[in-house]
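Novice: If you scroll down you'll find the structure; I have some questions about it.
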Amino acid sequence: MRGEEKILIAFYLLAAAGAALFTFLLIHQGAPQVMAAFASAGWWIAAVVIYHVAVPVLLDA
């Protein structure tokens with residue numbers, strides 16, 4: 295097995311584990327409560343996402 299294949303397998307396993315954890319937490323905490331938390335944060339969530347996308351792009355330029 296080559297190094298690329300090992301990394302790809304690790305990526306898929308970690309992605310599946312992350313999706314499973316997200317699903318578990320969503321079910322455990324309740325979807326309405328999670329959506330209420332997002333709604334209470336409002337547009338600040340969009341600001342955080344834009345910051346985390348724009349800053350690395352601008353710093354790499």
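One rule links them: number in our numbering = place in the sequence shown (from 1) + 294.
In this text, a Cβ means the ideal position worked out from N, Cα and C, and glycines have one as well.
Computed from a predicted structure; not experimentally measured.
When you compare the CB positions of Phe332 and Ile321, do they come within less than 8 Å of one another, or not?
Specialist: If you number the sequence shown from 1, residue 332 lands on position 38. If you number the sequence shown from 1, residue 321 lands on position 27. No, Cβ-Cβ distance for Phe332 and Ile321 is not below 8 Å.
Novice: Considering only residues of the same chain and omitting the five flanking positions on each side of Gly324, which have a CB-CB separation below 6 Å?
Specialist: Locating residue 324 in the sequence shown gives position 30, counting from the first residue. So the list is empty, once near-sequence residues are dropped.
Novice: Is Gly312 helix, strand or coil when you go by DSSP?
Specialist: Indexing the sequence shown from 1 puts residue 312 at position 18. Note: Gly312 maps to helix in three-state DSSP.
Novice: Can you tell me the Cα-Cα spacing of Ile344 and Phe305, whole angstroms?
Specialist: The count along the sequence shown starts at 1 and reaches residue 344 at position 50. The count along the sequence shown starts at 1 and reaches residue 305 at position 11. Taking the straight line joining both Cα atoms gives about 25 Å.
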